[in-house]
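Asks: First the structure, then my questions, so here it is.
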Amino acid sequence: MKEKVLVLLGLIVCLLLIVGFATNGLSKPETVQGDASDQEESKHESQEISDIEITLNGYSVKDENEEELLVKVDLTIENKRESTVNFSLMNLTLMDSEHYAYSHESNVETKGILGGQISPGRSVSGEVAFIVPRDTSYELVYTDHFRTGQLFFPIEVTD
Numbered sequence: 003m004k005e006k007v008l009v010l011l012g013l014i015v016c017l018l019l020i021v022g023f024a025t026n027g028l029s030k031p032e033t034v035q036g037d038a039s040d041q042e043e044s045k046h047e048s049q050e051i052s053d054i055e056i057t058l059n060g061y062s063v064k065d066e067n068e069e070e071l072l073v074k075v076d077l078t079i080e081n082k083r084e085s086t087v088n089f090s091l092m093n094l095t096l097m098d099s100e101h102y103a104y105s106h107e108s109n110v111e112t113k114g115i116l117g118g119q120i121s122p123g124r125s126v127s128g129e130v131a132f133i134v135p136r137d138t139s140y141e142l143v144y145t146d147h148f149r150t151g152q153l154f155f156p157i158e159v160t161d
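This is the structure in C-alpha cells:
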C-alpha cells in the first residue's frame, strides 16, 4: 500500500512540474518601461495569521504599457510556529478596486526568493511581482487555505 501511495505522490509532483514549466513558457517576457510616473513606497505594516507574520516592507509601481502596471511588493515572512511552514506565492493575490484578483508573475525579475520551507523562528524576505490593469488602489491578499483566513494590505498608486 505504501508503494502505491509513493508512486501516486511521485506522479502528482511530476504533473505539477510539467504544468509549471508549460505555463512558464507561455508567459510573455518582462518589458518594463519606466518614466516619471514610477512610484516607490516604503512602509512597514505587519499582520499575523496562524502564527505566520507577514510584513509589507514596501512596494514599487512602474508602467508596463498604456493599460497595465507592474507592481512589485517587498515582503518578510516570519514563522512563529514550533514547526516548519511551507509558504507559497500561490496564496498571494493582488486585487483591484473592482474586486478582480491577479496572481503573481514568475517571469519578472525580483529581489530574493519568497516562498518554500521556513523553519521555526526563521524569516525570509523577497519581492513578488504582479502585472495588473491600471488603477489607483489595490489590496495585497494573503489567503491561508488550510486554516481559513485572510490578510489584507492596502496599496495606493499616485499619478
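Going by the working numbering, the first residue of the sequence shown is number 3, and it counts up by one from there.
Where a beta carbon is used, it is the ideal one built from N, C-alpha and C, also for glycine.
Would you list, in sequence order, the uninterrupted beta strand (DSSP E) runs of no fewer than 3 residues that lie entirely inside the segment 72 to 116?
Replies: Entirely contained in the segment 72 to 116, the beta strand (DSSP E) runs reaching 3 residues are, in chain order, 87 to 89, 94 to 98.
Asks: Quick check on residue 158: does DSSP put it in helix, strand or coil?
Replies: strand
Asks: Please state whether DSSP places residue 2 in a helix, a strand or coil.
Replies: The chain is shown from 3 up to 161; residue 2 falls before or after that span and cannot be answered.
Asks: Quick check: what's the CA-CA separation for residue 150 versus residue 4?
Replies: 30 Å
Asks: Is the distance from the Cβ of residue 129 to the Cβ of residue 116 below 8 Å?
Replies: Their beta carbons are under 8 Å apart, which means residue 129 touches residue 116 by this criterion.
Asks: In the DSSP assignment, what are the bridge partners of residue 1?
Replies: In this structure the chain extends from 3 to 161, so residue 1 is not present and cannot be described.
Asks: Taking CB distances under 8 Å as the criterion, tell me whether residue 118 reaches chain B.
Replies: The chain labelled as chain B is not found in the depicted structure, where only one protein chain is given.
Asks: Is it true that the CB of residue 76 sits closer than 8 Å to the CB of residue 140?
Replies: no
Asks: Count Cβ pairs between the segment 104 to 118 and the segment 51 to 62 that sit closer than 8 Å; are there 3 or more?
Replies: no
Asks: Can you give me the start and stop residues for the beta strand (DSSP E) that residue 69 sits inside?
Replies: From DSSP, residue 69 is part of no beta strand (DSSP E); its letter is neither H nor E.
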